[in-house]
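Just so you know, the sequence shown maps onto residues 1 to 747 in full-length UniProt numbering.
Quick reminder that beta carbons are idealized off the backbone N, C-alpha and C, glycines included.
Since this is a predicted model, take the numbers as computed values, not measurements.
Taking it in order: structure first as structure tokens, then the write-up.
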Amino acid sequence: MSIPKRIFGIGCWYYLVCPRMSCGRCKKSWYPWDIQFQQTLPLQMQIRLGAVVGKTCGMSESLIALFRSSLMGRGTISGTLSYVNSELEKAYRERRTALEEKWESSEKSPFLGPAPSRSELPSILSFEMGYGMALSIIIKDYILNRKYILLELLTVAPGEVFSIDHQRSVVRRATTARSSGQALSAVSSTGLVLGVWVVPSTKTSYIHDALKDIIRRNTILGAAPPRLMFSDNLCCGTSLNGILPTSTVVRLDPLHCIMRMTRCCSHSHPLFKRLCGDLRKVFFCECESDIKSLLAAKASLRMPATINKHERTTYIRRFVPCPKQLECRLRRMVAVYRALDRDCIEAWEREKAAGSEEGEGDAMDNGNVNGGNGGSNGGGNGGGNGGGNGGSNGGGNGEGNGGGNGGGNGGGIILERRACELPPKGSRLEVLLTESFYATLELQVRHIRRSCLSDSYPGELVTELGEKSFCGSDIKLMTYMSHRGSNKNEMLHSCLSRGFGELTRVSSILFDIKLHLQVHAINRRKRIKQGLAVPSEHLLPRDVAAGGKKMLDSFPDFRLADESSAGDLPNLGFMYWSNLAVDPSFDDSLDGLGMDLSELTRDLDNDPKLVDGLDEEQILGGLAAEESDSDESTADTELPGSSGSLGPGVPADPPAVTDSSAPKRKRKFAKLKDLAGTPNVYPIRHEENGIMEKAFLQLHGESPSAPASELLRKYNEQYLIPEQITTASGARHPRPYHPTSVMEVEK
């Protein structure tokens, strides 16, 4: 029999004991909870154990489901672990109180003999679950479920139209790709996620394998190749020849074309939002008959004659006009805003001229007062500092540095100061279209002339969904769905940003675990919203397949790809990066993702300290540096493939911890903890009316327009660093100020 394994649940734990089995031929032995043994059994037998077990402890299925649900949303392992340990502590205190009360009552009973000596009760620390054990079990659960999640993902086909886009803000939270890396996402026309792959940059050669995987899904399902692909930077050139079928047309996403122009404008200008709305109206023509029908329905219901975003996308068809018409519309709009900028410049020049005349008059008055016929600083006809006929610093008739009738520095300083001034930020006199805008405009016009944005015909990418009751009334309006993928990709970016928003430093393995669960949850919710009979996201594909025919009959729209016909399973996240054929040198920097996952589980069992190198936010959480949230996908490239270049080097994750390197890692952690003062990033409002909150309120009052990075720098210089010096000298304890990050300041 095995040694007892402690299995943790929600608010409880129990011991698990299993017999050791051996093979009669090869004499190899194993326990029923070994993953290598479980994968050889049918699914119906694999789930009977009801737990995932490590070398010393394990988790029940209910507790693992709680961790999965947390990772599908905005939760983290450490946050969920805090809740689990609090429930264990609560149950421990209840049982300990009941035991002590029973012991005391037995001591007071006259019918019982003298009580034996009371033994020392175990500490609550012996019942808590550690982060390393939790992460090890979650990785093992991911290994068991990964294949079935990917088999379900293979049933999501691109169809006729799909879109791809790059995102930087999510990948920068991983330790492996903090200096470089992009998340390539692909979405079908119905909004289903085809996959999210981490690539070193937006270079075209890095997305070949991902595009081939997308195209072959239509082949597996027996459908024709996609006829249209929307991209953020791959509309021109021949870099995709041989990857996409010849029948697939690549177009530039209109949203990214608009973003390239708007980022070259002054965002603080009062007309900036109006400019964005006018650009949208230029690129998208709306059907007049649909607008009239919608306004007539709203008028009959006595609703305001304004059309919101939901009504525009649901009841109105939109299309991108032909290249010639689109260019004319765009140049006509730019001419209007250029005239406004010209008027602003002229108004500013007039204001500067008026200010200069006022400055000269002030200087002349000062000259007459200070040096006219004998100023206070010098004689009437001579020398000193202000002589009347030629003083050096302010003579009445002189030509010195501040003459009364002829300007020296008195009026010259004001003129120079006003010449260097620019219109105040956010004023109507500020220039809206900068010089770089016109260069970007000409590049986008080249895309327009090449038909990279225009639809082949009006209504090409619109599908009728049937009539629908408008606002619950008897009025029926036709509803439409757009197959253009820009808004669907941006919605995916928002979901991923919210899901990874609480993480500051996450390893590549933990990033992949959370990414797989997020993609699975998004697709399940989308399919349920579309009316398909599929289980909720909390029921993983492995559990559905293990349920047998009865469960499959309950969800007729649930599908798993056939393993024999599917071929190799797709790789998502950093696993895709580690398997890139174009640059295998990155394999060494990805936490061992290039190794076999079964080999990783054996390493976790043999060396539990290995998970210390996979901590999501423990070691360097307090030293999170300021990162830029730029998205290289909005950069314009005439030749796709030269859009991005690989960085000078990608920082590797900390290596796996062995017994020899454990003391070195402890010293490093102690040093970083001393430098940071506290091991974590503190929220500014971690306590009500706290000192940190008051400090940031004071800094914001002194510099209301300062960005978050500047406020954080001032906080470190004026409050945190002096407090650390005071604490080091032993003059004050505990410290009221703690390290924080730019993301906390922005909140």
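Asked, Found
"Of the residues Leu720, Met575, Arg342, Ser119, the one placed nearest Ile143, counting alpha carbons only", "Met575"
"Coil, strand or helix - Ile7 by DSSP", "strand"
"Stretch pair the segment 541 to 552 + the segment 68 to 81: three plus CB contacts closer than 8 Å", "no"
"Buried or exposed by the 16-neighbour rule on C-beta atoms within 10 Å, applied to Pro541", "buried"
"8 Å contact criterion, which Thr10 and Glu128 should meet: CB distance rounded", "Correcting the residue identity first, residue 10 is Ile in this sequence and not Thr. The pair is not a contact, with the Cβ atoms about 14 Å apart (cut-off 8 Å)."
"Exposed unless 16 or more other CB atoms sit within 10 angstroms - verdict on Lys212", "exposed"
"For Glu435, the nearest candidate out of Cys264, Ser60, Phe37 (CA to CA)", "Cys264"
"7 Å Cβ cutoff met for Phe230 and Arg251", "yes"
"Tyr14: first and last residue of the uninterrupted beta strand (DSSP E) it sits in", "13 to 16"
"Contact under 7 Å by Cβ, Thr155 with Arg450", "no"
"Every unbroken alpha helix (DSSP H) within the segment 207 to 277, with a cutoff of 4 residues, ordered by chain", "208 to 220, 254 to 262"
"Trp348 in three-state terms, based on DSSP", "helix"
"Host alpha helix (DSSP H) of Asp551 (start-end)", "For the sequence presented, residue 551 should be read as Met rather than Asp. Where Met551 is concerned, the enclosing alpha helix (DSSP H) stretches over 548 to 554."
"Pair within 7 Å by beta-carbon distance, Gly500 and Val170", "Residue identity differs from the one stated: residue 500 is Phe in this sequence, not Gly. Yes."
"CA-to-CA distance, Glu349 to Gly355, given in whole angstroms", "10 Å"
"Rounded Cβ spacing between Val282 and Leu330 (contact assumed at less than 8 Å)", "5 Å"
"Outcome for Asp165 when other beta-carbon atoms lying within 10 angstroms are tallied against a minimum of 16", "buried"
"Proximal residues to Tyr148 (C-beta, below 6 Å), its chain only, five neighbours per side dropped", "Pro541, Arg542"
"Unbroken beta strand (DSSP E) run spanning Val161, endpoints", "161 to 167"
"N-terminal and C-terminal residue of the beta strand (DSSP E) that Gly195 is part of", "193 to 199"
"Sequence-distant residues of its chain with Cβ nearer than 7 Å to Ser2 (five each side left out)", "Val17, Cys18, Arg20, Tyr31"
"Reduced DSSP secondary structure (H/G/I, E/B, other) of Glu502", "coil"
"Helix, strand or coil at Arg525 according to DSSP, with G and I counted as helix", "helix"
"Simplified DSSP assignment, three categories, for Arg25", "coil"
"Residues that DSSP places opposite Cys471 in a beta bridge", "Bridge partners of Cys471: none, in fact."
"Cross-strand partners of Trp30 (DSSP beta bridge)", "Met21"
"Beta-carbon proximity list for Ile475, same chain, < 8 Å, skipping 5 on both sides", "Ala297, Ser300, Leu301, Ser469"
"Rounded straight-line distance, which links the Cα of Ser62 to that of Ile7", "11 Å"
"Proximity of Pro226 and Thr248 at Cβ, strictly below 7 Å", "yes"
"Contacts around Gln698, its chain only, beta-carbon distance under 6 Å, and the 5 residues preceding and following it disregarded", "none"
"Closest by C-alpha distance to Asp553, when choosing among Ala566, Arg312, Pro535", "Pro535"
"Met261 burial status per 10 Å Cβ neighbour count (16 or more: buried)", "buried"
"Exposure label - Asp562; buried when at least 16 CB within 10 Å", "exposed"
"Whether Leu461 touches His447 by CB criterion (7 Å)", "no"
"Whole runs of the alpha helix (DSSP H) within the segment 427 to 487, excluding any shorter than 4 residues", "435 to 449"
"Lys27 versus Leu43: straight-line alpha-carbon distance, rounded", "25 Å"
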